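Peer 1: These protein sequence lines are chains A, B and C, in that order. Position one of the first sequence corresponds to residue 3 (my numbering), numbered consecutively onward. Position one of the second sequence corresponds to residue 5 (my numbering), numbered consecutively onward. Position one of the third sequence corresponds to residue 5 (my numbering), numbered consecutively onward. Glycine is no exception: its CB is placed at the ideal position from the N, C-alpha and C atoms. A quick note: this is a predicted structure, and the numbers were derived from the prediction, not measured. Before I ask anything, let me first share the structure, which is written out below as structure tokens.
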Amino acid sequence: MKEGFRQAMAWLHTWAGLIFGWLLFAIFLTGTLAYFKDEISHWMQPEIPARSLSSEASLTLAQHYLEQHAAGASRWLIDLPDAREPGLSVRWQQAPATPGTRGQFTEKLLDPQTGAEVQGRDTRGGEFFYRFHFQLQMPYPWGRWLSTIAAMVMFVALISGIITHKKIFKDFFTFRPRKGQRSWLDGHNAVGVLVLPFHLMITYSSLVIFMTMVMPASILAAYKGDAEAFYDEVFPASNTPDMAGKPGQLAPLAPLLERASEQWSGGRTGSLTVNNPGDANASVILARDGADRVVHDFGSALTFNGVTGQLLSATPKQALPMAIAGSFYGLHMGHFAGPVLRWLYFICGLAGTAMIGTGLVIWLGKRQLKHAKSGVMPFELRLVEVLNIASMSGLMVAVAAVFWANRLLPVAMAGRADWEVNSFFIVWGLSVLHAMVRRGRAGWVEQLALAALLFCALPLLNALTTPYHLGVTLMQGDWTMAGFDLTCLGSGLFFAWAAWKMQRAGQAGVVTRPRAKSIMLEQEAH
Amino acid sequence: MKGKITALPVSYRLAVTSRVLAAVLGGYLVAALASVSLTMWLPLARGEAVVTGMMTSFLVYLVAVLWCFACRSAWQAWFGLIVPSVVLAAVAGLAYWLGH
Amino acid sequence: MFLALLLCYGGFTALCLSMDRHHAELLGRKPSARRRQGMKLSGWLLLALSLWAAVSSTGWGLGLVEWFAVLMLSALLLVLLMPYRPRLALALAGLSLLASPVAVFAKG
């Protein structure tokens, strides 16, 4: 650290990147998958048809269903179908939840055309990857804390990386393949610098998203310890009138959609919450569809009296700081993105994942050279190697395992959703064991080859286990199903290519001549 | 050749650990105090000031972390955090006291 | 978004050609001082035009997002294409510039 600012930043970048790299790789990969979580869910529940219909018709069907099946509930929640999520989902809360805790919900998926219950195979679908990338399968709130800490380290790594990269402008277009370690560094810089706006946005926004949890000091100071008051101010729609105790007939909900659209200058309703249906003071809260615009309006909701239809309150126009926070949230989520932009989000996410992955490979590669002659790797480098292999190629195999489990586990099996998730972790765990047992290059080649096999074979497995295979979906224009199959095929081919390259590099001779000087870059500090 | 892990002196390791602690814990303290100071002094509605303070805090945290590793010694790392902490605490405290 | 993409790709190629090393890689010789200046100017101009193209069709909010997305994608495409298919990389830039006026008229 005495060697100068840039050297210090290089040291920080290297070590912060290594320690949190494995976790961040997993977060970035699953987060990237989450951009297509609805599509993934559709593939994992192919029995549920994708049919779009008018919001009004769907809402009326939902209301009829809930009046029949959940008349005594204290709260109904209705998620209206949209372009990417064509399902009509209803939830209800039976007993009033004690304040501050989450009540028990029952959830049902309805056919938006008939209003009848739809039963797809029990699965978490794409939601698993979405939730994993910020909860990390840990109990609340520890996963969120860890992922937010990882985000802060990512931020430090990004900025220290920018500071360290002396020739950031000169080498802007530089990518020199087939030159060993030099190429890996060029690649790391390319996916880092060229996609920098995305990386900075995604990292800082993830901090903003959980800022009330990790940085509550301001809330406590300004509201003198009464955090509830802060939330009531920022999310005013959560204040709803209490039960009157007298019965009241809930008016039809569908006409409210038109009124909401007027208030929002054409904006769409995404979901409705009915509090105390059947009570005289029933209130209906309409929340705006997040896909309407880039800036997410957190509190944006309209509250109507459920019986009389009177508009009780409308959230005021967003203040600037809230709009800025909402922008971070909206940009991170990408709800507003249409198909083309969504693929661009996906590509940027993959670039971020690749940036982390190449960094991990470079970290080890540079130090491995020093031990190549002796042939024996010190324990700490061997540990890094095992973690590199398991956290990258092992993770890919685990992702494939989820999809394979989805198709192989019997549809009627109890707890199959949990077992799909278990497959993920079991396979990931096995990949760690495999990486420990096999020598470095063999570990990479075998796991990448397995990933290639599993992904390439997925469309085939789909064809063997369901009637919704490529032959059918391409003809019918079900681009979600077909797109998933084709993307898996493409990914499989990529992994096959990677395994082949790894294999060839091993055969050419692992010990490259000591070209240490040409690889010793300005950022070498240790 | 033995693993490099044993080749580094203990004093170096202590210095690094010290810097890391300063960055993680001290950095958080400075960021939180900066957040509170900003919130108390910004001429905005209460909720808006809170949101602004929280959003900016991460930039402060970043600078604090970079400082802890860029400065010349572990002592300097701590000193460079303690001084702003005291100042920010005073600034925030002043606003709090004025508020009543 | 498509017009913005075309202009971005063209702009980045121009900026790339304004650098001695890449000009030599792609066109076989180092650029003259005038060529260098011209490339730099036209590169930045094309990027600015692409921003206008993105924002004018979808407004500042979505337009800015689309512009950054297109910016990043075109840069990635150029940098990954150059070492493997340098002539294709250049050809695409030429095509983009030719196609741009067509895209403008197609927008209406």
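Would you report the Cα separation of T305/A and Q265/A, rounded to the nearest angstrom?
Peer 2: Taking the first residue of the first sequence as 1, we reach residue 305/A at position 303. Taking the first residue of the first sequence as 1, we reach residue 265/A at position 263. The straight-line gap from Cα to Cα measures roughly 12 Å.
Peer 1: Could you check the C-alpha separation between W345/A and G351/A for me, to the nearest Å?
Peer 2: In the first sequence, counting from the first residue as 1, residue 345/A sits at position 343. In the first sequence, counting from the first residue as 1, residue 351/A sits at position 349. For W345/A and G351/A, the distance between alpha carbons rounds to 10 Å.
Peer 1: Could you round the C-beta distance between M154/A and L148/A to whole angstroms and report it? I think they count as a contact, below 8 Å.
Peer 2: If you number the first sequence from 1, residue 154/A lands on position 152. If you number the first sequence from 1, residue 148/A lands on position 146. Incorrect: roughly 11 Å between the Cβ atoms, too far for contact.
Peer 1: DSSP puts P93/A in a beta bridge; with which residues?
Peer 2: Within the first sequence, the letter at position 91 stands for residue 93/A. Per the sequence shown, residue 93/A should be read as Arg rather than Pro. Under DSSP, R93/A shares a beta bridge with L79/A, E109/A.
Peer 1: Determine the extent of the alpha helix (DSSP H) in which I287/A is found, giving its start and end residues.
Peer 2: Here the question's residue 287/A lines up with position 285 in the first sequence. Where I287/A is concerned, there is no enclosing alpha helix (DSSP H), although the beta strand (DSSP E) it sits in stretches over 285-290.
Peer 1: Using the rule of at least 16 other Cβ atoms within 10 Å of the residue's Cβ for burial, across every protein chain shown, is W64/C buried or exposed?
Peer 2: In the third sequence, the residue the question calls residue 64/C occupies position 60. Burial call: exposed.
Peer 1: How would you write the range of the beta strand (DSSP E) that G311/A sits in, first residue to last?
Peer 2: As a working note, residue 311/A is residue 309 in the first sequence. Per DSSP, G311/A belongs to no beta strand (DSSP E) and is neither H nor E.
Peer 1: Bridge partners of A303/A, per DSSP?
Peer 2: Within the first sequence, numbered from 1, the residue matching residue 303/A stands at position 301. In DSSP, A303/A forms a bridge with A289/A.
Peer 1: At least one CB of chain C closer than 8 Å to the CB of F200/A: is that the case?
Peer 2: The residue given as residue 200/A occupies position 198 in the first sequence. Using a Cβ-Cβ cut-off of 8 Å, F200/A counts as an interface residue toward chain C, since at least one Cβ of chain C sits closer than that to its own.
Peer 1: Looking only at its own chain, which residues have a Cβ that is under 6 Å from the Cβ of A159/A, when we skip the five neighbours before and after it?
Peer 2: Here residue 159/A refers to the residue found at position 157 when the first sequence is read from its first residue. H15, A18, G19, listed in sequence order.
Peer 1: Residues of chain A with CB closer than 7 Å to the CB of H26/C, please, in chain order.
Peer 2: Translated into the one-based positions of the third sequence, residue 26/C becomes position 22. Under the 7 Å cutoff, chain A gives F175.
Peer 1: For T275/A, which residues does DSSP report across the bridge?
Peer 2: As a working note, residue 275/A is residue 273 in the first sequence. Answer is L79/A, I287/A.
Peer 1: Could you pull the start and end residues of the alpha helix (DSSP H) that Q505/A belongs to?
Peer 2: One-based indexing of the first sequence puts residue 505/A at position 503. Q505/A -> alpha helix (DSSP H) spans 481-509.
Peer 1: Report the rounded CA-to-CA distance for S207/A versus Y331/A, giving the unit in angstroms.
Peer 2: Stepping through the first sequence from its first residue, residue 207/A is reached at position 205. Stepping through the first sequence from its first residue, residue 331/A is reached at position 329. The straight-line gap from Cα to Cα measures roughly 6 Å.
Peer 1: By Cβ distance below 7 Å, which residues in the same chain neighbour F348/A in space, the five residues on each side in sequence not counted?
Peer 2: Here the question's residue 348/A lines up with position 346 in the first sequence. Cβ neighbours of F348/A beyond the five flanking positions: T34, Y37, F38.
Peer 1: Helix, strand or coil for D281/A? Go by DSSP, reduced to three states.
Peer 2: Stepping through the first sequence from its first residue, residue 281/A is reached at position 279. Reduced to three states, the DSSP call for D281/A is strand.
Peer 1: Please report how far the alpha carbon of G50/B lies from the alpha carbon of Y233/A, in whole angstroms.
Peer 2: Counted from its first residue, the second sequence places residue 50/B at position 46. Counted from its first residue, the first sequence places residue 233/A at position 231. Correcting the residue type first, residue 50/B is Arg in the shown sequence and not Gly. Going from the Cα of R50/B to the Cα of Y233/A covers about 12 Å.
Peer 1: Could you tell me the distance, in whole angstroms, from the CA atom of F177/A to the CA atom of G84/B?
Peer 2: Looking up residue 177/A in the first sequence gives position 175. Looking up residue 84/B in the second sequence gives position 80. When rounded, the distance between both Cα atoms is 40 Å.
Peer 1: Is the distance from the Cβ of T125/A to the Cβ of M156/A below 8 Å?
Peer 2: Translated into positions along the first sequence, residue 125/A becomes position 123. Translated into positions along the first sequence, residue 156/A becomes position 154. Cβ distance not < 8 Å, so T125/A and M156/A don't count as in contact.
Peer 1: Report the residues of the segment 307-327 of chain A with a CB closer than 9 Å to any CB of chain C, ordered along the chain.
Peer 2: none
Peer 1: Pair every Cβ in the segment 467-476 of chain A with every Cβ in the segment 412-420 of chain A, then say whether three or more of these pairs are closer than 8 Å.
Peer 2: no
Peer 1: Taking the runs of the alpha helix (DSSP H) that are 4 residues or longer, which of them lie wholly in the segment 125-160 of chain A?
Peer 2: 129-137
Peer 1: Taking the C-alpha atoms as reference points, what is the distance between C490/A and D40/A?
Peer 2: Taking the first sequence and counting its residues from 1, the one referred to as residue 490/A is at position 488. Taking the first sequence and counting its residues from 1, the one referred to as residue 40/A is at position 38. Taking the straight line joining both Cα atoms gives about 16 Å.
Peer 1: Have a look at G47/C, L81/C, L53/C and flag the residue whose alpha-carbon is nearest the alpha-carbon of P105/C.
Peer 2: Numbered from 1 along the third sequence, position 101 holds the residue referred to as residue 105/C. If we check each option's Cα against that of P105/C, L53/C comes out closest.
Peer 1: Run through chain B and tell me which residues come within less than 7 Å of S207/A, C-beta to C-beta.
Peer 2: For this step, residue 207/A is matched to residue 205 along the first sequence. Those do not exist, as S207/A stays about 10 Å from chain B at its closest Cβ, beyond 7 Å.
Peer 1: For M44/B and A327/A, which I take to be in contact (beta-carbon distance under 8 Å), what is that distance rounded to the nearest angstrom?
Peer 2: In the second sequence, counting from the first residue as 1, residue 44/B sits at position 40. In the first sequence, counting from the first residue as 1, residue 327/A sits at position 325. Separation of the CB atoms of M44/B and A327/A is rounded to 19 Å, and the pair is thereby denied contact status at 8 Å.
Peer 1: Kindly indicate the opening and closing residues of the alpha helix (DSSP H) around P114/A.
Peer 2: On the first sequence, residue 114/A is found 112 positions in, with the first residue counted as 1. Run containing P114/A: none; DSSP gives neither H nor E here.
Peer 1: Roughly how many angstroms lie between the CA atoms of I86/B and H436/A, to the nearest whole one?
Peer 2: Locating residue 86/B in the second sequence gives position 82, counting from the first residue. Locating residue 436/A in the first sequence gives position 434, counting from the first residue. Cα to Cα, I86/B sits roughly 48 Å from H436/A.
Peer 1: With a threshold of 6 Å on Cβ separation, who are the neighbours of A353/A within its own chain once the five nearest residues in sequence on each side are excluded?
Peer 2: Reading the first sequence from its first residue, position 351 is the one you call residue 353/A. V193, V197.
Peer 1: Could you check the C-alpha separation between T56/B and A73/A for me, to the nearest Å?
Peer 2: Taking the first residue of the second sequence as 1, we reach residue 56/B at position 52. Taking the first residue of the first sequence as 1, we reach residue 73/A at position 71. Their backbone Cα atoms lie some 43 Å apart in a straight line.
Peer 1: Quick one: which chain A residues come within Cβ less than 7 Å of P90/C?
Peer 2: Position 86 of the third sequence, counting from 1, holds the residue named residue 90/C. Residues of chain A passing the Cβ test: none, with the nearest at roughly 12 Å.
Peer 1: Could you name the residues of chain B that F232/A contacts, counting a contact when the two beta carbons are closer than 9 Å?
Peer 2: Looking up residue 232/A in the first sequence gives position 230. Those within 9 Å of F232/A in chain B are R50, G51, V54.
Peer 1: Quick one: what does DSSP say T514/A is sitting in, helix, strand or coil?
Peer 2: As a position in the first sequence, residue 514/A is number 512, starting the count at 1. Reliability fails at T514/A, whose pLDDT of 47 lies under 50, so the model's placement of it is uncertain and the value that follows must be treated cautiously. Here T514/A sits in coil by DSSP.
Peer 1: Considering Cα atoms alone, identify which of H44/A, A465/A, L26/A, V309/A is closest to L138/A.
Peer 2: As a first step, residue 138/A is located in the first sequence; it is residue number 136 there, counting from the start. Answer by Cα proximity: L26/A.
Peer 1: Any C-beta of chain A sitting closer than 8 Å to the C-beta of L80/C?
Peer 2: To locate residue 80/C, count along the third sequence from 1; it is residue 76. For L80/C, the closest Cβ of chain A is nearer than 8 Å.
Peer 1: Beta-carbon of C458/A versus every beta-carbon of chain C: anything under 8 Å?
Peer 2: Start at 1 with the first residue of the first sequence, and residue 458/A comes out as number 456. False, the Cβ-Cβ gap to chain C never drops below 8 Å.
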